[in-house]
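Asker:
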Amino acid sequence: MVSLTADLSPLRPDRNLAMELVRATEAAAIRAVPFIGRGAKEAADGAAVDAMRAFLGTVDFQGRVVIGEGEKDNAPMLFNGEVVGTGRGPLCDIAVDPIDGTSLTAAGRQNALSVIAVSDRGTMLDASTVFYMDKLVTGPAGVGVVDIRLPIGENIRKLAGALDKPVDEIVVSVLNRPRHEQLIQEIRDAGAGTRLMSDGDVAGGINAARHDARTDMCVGVGGSPEGIVTACAIKALGGHIQGRLWPRDDDERQRGIDAGLDMDRVYEADDLVQGNNTIFVATGVTDGQLVAGVRRERGYVYTESVVLRGASGTLRRIASEHLVSKWL
432 MVSLTADLSP LRPDRNLAME LVRATEAAAI RAVPFIGRGA KEAADGAAVD AMRAFLGTVD
492 FQGRVVIGEG EKDNAPMLFN GEVVGTGRGP LCDIAVDPID GTSLTAAGRQ NALSVIAVSD
552 RGTMLDASTV FYMDKLVTGP AGVGVVDIRL PIGENIRKLA GALDKPVDEI VVSVLNRPRH
612 EQLIQEIRDA GAGTRLMSDG DVAGGINAAR HDARTDMCVG VGGSPEGIVT ACAIKALGGH
672 IQGRLWPRDD DERQRGIDAG LDMDRVYEAD DLVQGNNTIF VATGVTDGQL VAGVRRERGY
732 VYTESVVLRG ASGTLRRIAS EHLVSKWL
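The sequence shown runs 432 to 759 under the working numbering.
#1: DSSP has A750 in a bridge; who is on the other side?
#2: Starting from I498, trace the beta strand (DSSP E) in both directions and tell me its first and last residue.
#3: Buried or exposed for L522, going by 16 or more other Cβ atoms inside 10 Å?
#4: How long is the line joining the alpha carbons of N607 and R696, rounded to whole angstroms?
#5: Could you check what DSSP says for Q705 in three-state terms: helix, strand or coil?
#6: Which residue from A664, G653 and G624 puts its Cα closest to that of R645?
#7: Count the C-beta pairs between the segment 570 to 580 and the segment 716 to 735 that are closer than 8 angstroms, then say yes if the count reaches three, no if not.
#8: Which residues share a DSSP beta bridge with S550?
#9: Do you know offhand how far E513's Cα is from E617's?
#10: Could you name the residues of the same chain whose beta carbon sits closer than 6 angstroms to that of E752, not counting the 5 residues immediately before and after it, in chain order?
#11: Assuming V712 and S550 are in contact, meaning their beta carbons sit under 8 angstroms apart, how far apart are those beta carbons, in whole angstroms?
#12: Judging by CA-CA distance, which residue of V722, P571, D630 and L452 is the nearest neighbour of T517?
#13: Quick one: what's got a C-beta closer than 6 angstroms to K503's C-beta in the same chain, skipping five residues either side?
#14: Since F711 is in the beta strand (DSSP E), which residue starts that stretch and which ends it?
#15: Inspect the beta-carbon positions of M564 and G653 and report whether they are closer than 8 angstroms.
#16: Can you tell me the Cβ-Cβ gap for V737 and R748, rounded? I've got them flagged as a contact below 8 angstroms.
#17: For V598, which residues from the same chain have a beta carbon less than 7 angstroms from its beta carbon, with the 5 sequence-adjacent residues on both sides left out?
#18: For C649, list the residues DSSP reports as bridge partners.
#19: Do S604 and G635 have their beta-carbon atoms positioned less than 8 angstroms apart in this structure?
#20: Taking Cβ positions, are D476 and T533 nearer each other than 8 angstroms?
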């Protein structure tokens with residue numbers, strides 16, 4: 432009989448770390464509750480950042496923030512380069528977004544998440560000098576099939592063939608932005624449908640990679656940080672992600688080059704995050720396809736979270752209930 436103990440023992444610390452990180456995303460999501468639908472996105476983000484930072488300080492790891500709230504002078508909480516955790520445990524790169532979708536939260540719209548992504552130290556691409564990235568995300572069927580360098584219509588037809596479904600049943604998620612007007616038209620001209628997102632392309636990318644989701648592909652220009660975060664999740668889902676940096680002007684392009692980034696390169700999954708020892712955790716702030724949002728009823732607050740681990744290829748759902756008196 433084959434012993435599983437030796438094979439699985441190296442994974443245990445990561446699993447424990449993942450469970451600890453959920454507490455931080457839960458805290459951030461819960462603290463945002465008073466601001467959902469109130470039009471105060473800065474206040475929601477501030478409350479979530481404070482809560483996440485406090486909980487990260489209790490986690491046994493040495494986390495270096497590669498993707499955070501910005502430079503220290505502009506954002507004193509969870510700034511790029513900050514070291515968080517107890518100082519004990521594994522050396523990690525981390526990406527944090529206390530609320531991915533502050534505008535969604537302020538408006539009370541769907542798909543706002545609190546997110547943390549983790550990988551081994553030195554494995555996460557630092558693309559902070561270039562704010563935007565053109566991305567293509569699919570599930571496992573797209574691996575070796577679609578390519579961001581191809582026209583979107585060709586990618587749609589290739590993915591439809593790999594999924595063994597008609598082109599007119601393919602659904603593509605795109606951020607609803609003026610820069611995507613031509614892309615949206617090309618998707619529709621190819622015969623596929625669109626799911627237009629107002630914000631929250633982390634959720635959009637993950638949903639496109641899940642085997643049971645309603646979308647098949649996520650494309651278009653969104654945040655570079657969100658691309659790195661999404662890549663950590665895609666590692667656990669076995670999906671496909673590619674990205675090309677999208678500088679807004681010559682100055683930003685030069686800053687990226689000075690930081691060692693290649694403006695003409697197609698970054699594959701392993702370029703965005705090296706290896707498979709990744710953890711992605713997210714708690715719903717508002718309802719969405721990926722997770723339910725925070726719900727407050729009488730004396731309790733209910734949260735739903737997902738944990739994706741690249742090492743094991745596992746997606747776990749965690750439903751929690753919290754006493755309001757302890758939180759709000």
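We treat Cβ as the ideally placed atom computed from N, Cα and C, and that holds for glycine. Here the structure is a predicted model, which is why all the values come from computation and not from measurement.
Answerer: Here's the rundown:
#1: The residue given as residue 750 occupies position 319 in the sequence shown. In the DSSP secondary-structure assignment, A750 is bridged to E735.
#2: Reading the sequence shown from its first residue, position 67 is the one you call residue 498. Element bounds for I498: Q493 to I498.
#3: On the sequence shown, position 91 is the one that residue 522 refers to. Exposed, by the Cβ-count rule.
#4: Your numbering for residue 607 matches position 176 in the sequence shown. Your numbering for residue 696 matches position 265 in the sequence shown. Distance between the alpha carbons of N607 and R696: 25 angstroms.
#5: Working through the sequence shown from its first residue, we reach residue 705 at position 274. In the structure shown, the three-state DSSP call for Q705 is coil.
#6: In the sequence shown, residue 645 corresponds to position 214, counting from 1. The shortest C-alpha separation from R645 is found at G624.
#7: no
#8: Against the sequence shown, residue 550 aligns to sequence position 119. Under DSSP, S550 shares a beta bridge with D524.
#9: Looking up residue 513 in the sequence shown gives position 82. Looking up residue 617 in the sequence shown gives position 186. Those two C-alpha atoms are separated by around 42 angstroms.
#10: Here residue 752 corresponds to residue number 321 of the sequence shown, with the count starting at 1. Once the five neighbours on either side are set aside, the close Cβ partners of E752 are Y731 and Y733.
#11: As a first step, residue 712 is located in the sequence shown; it is residue number 281 there, counting from the start. As a first step, residue 550 is located in the sequence shown; it is residue number 119 there, counting from the start. Not a contact, Cβ separation roughly 13 angstroms.
#12: Working through the sequence shown from its first residue, we reach residue 517 at position 86. Closest by C-alpha distance to T517, out of V722, P571, D630 and L452, is L452.
#13: Locating residue 503 in the sequence shown gives position 72, where the first residue counts as 1. Any reading at K503 needs caution, since the residue's pLDDT is 42, under 50, leaving its predicted position unreliable; the model's value is listed next. Counting only Cβ-Cβ distances below 6 angstroms, and skipping sequence neighbours, we find F510.
#14: By 1-based counting over the sequence shown, the position of residue 711 is 280. Note, F711: beta strand (DSSP E), I710 to G715.
#15: One-based indexing of the sequence shown puts residue 564 at position 133. One-based indexing of the sequence shown puts residue 653 at position 222. Judged by beta-carbon spacing, G653 lies within the 8 angstroms limit of M564, meaning their Cβ atoms are closer than that value.
#16: Indexing the sequence shown from 1 puts residue 737 at position 306. Indexing the sequence shown from 1 puts residue 748 at position 317. Contact between V737 and R748 holds, with the beta-carbon distance rounding to 6 angstroms and staying under 8 angstroms.
#17: As a working mapping, residue 598 is identified with position 167 in the sequence shown. So the list reads I587, R588, A591, A621, G622 and A623, once near-sequence residues are dropped.
#18: As a working note, residue 649 is residue 218 in the sequence shown. According to DSSP, which records beta bridges pairwise, C649 is partnered with V568 and S604.
#19: Mapped onto the sequence shown, residue 635 falls at position 204. Mapped onto the sequence shown, residue 604 falls at position 173. Yes.
#20: In the sequence shown, counting from the first residue as 1, residue 476 sits at position 45. In the sequence shown, counting from the first residue as 1, residue 533 sits at position 102. Going by C-beta atoms, D476 is nearer than 8 angstroms to T533.
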